[in-house]
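Residue numbers (our numbering): 6 to 68.
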């Protein structure tokens, strides 16, 4: 039973990865803004240090 649940989780994770990749490709194709992984991480850590406690506040370059 545990192996079945792990397989389900892996399938959901793969589907989520595919969905996010498609969305990212659409943004790039439409000329949307992009950031490097370093910029993304810097923004996330800067928000935590600033006391927001949330990386989903909608502020910063990555929003």
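All C-beta atoms in this analysis are idealised placements derived from N, C-alpha and C, irrespective of residue type, glycine included.
All figures in this text were calculated on a predicted structure; none of them were measured in a lab.
Compute the beta-carbon to beta-carbon distance between residue i and residue j, rounded to the nearest angstrom, for a pair I have assumed lies under 8 Å.
{"i": "residue 33", "j": "residue 39", "result": "6 Å"}
Within the same chain, show all residues whose beta-carbon is closer than 6 Å to that of residue i, passing over the 5 residues directly before and after it, in chain order.
{"i": "residue 9", "result": "none"}
Give me, in chain order, the residues of the same chain whose beta-carbon lies closer than 8 Å to that of residue i; leave out the 5 immediate sequence neighbours on both sides.
{"i": "residue 14", "result": "none"}
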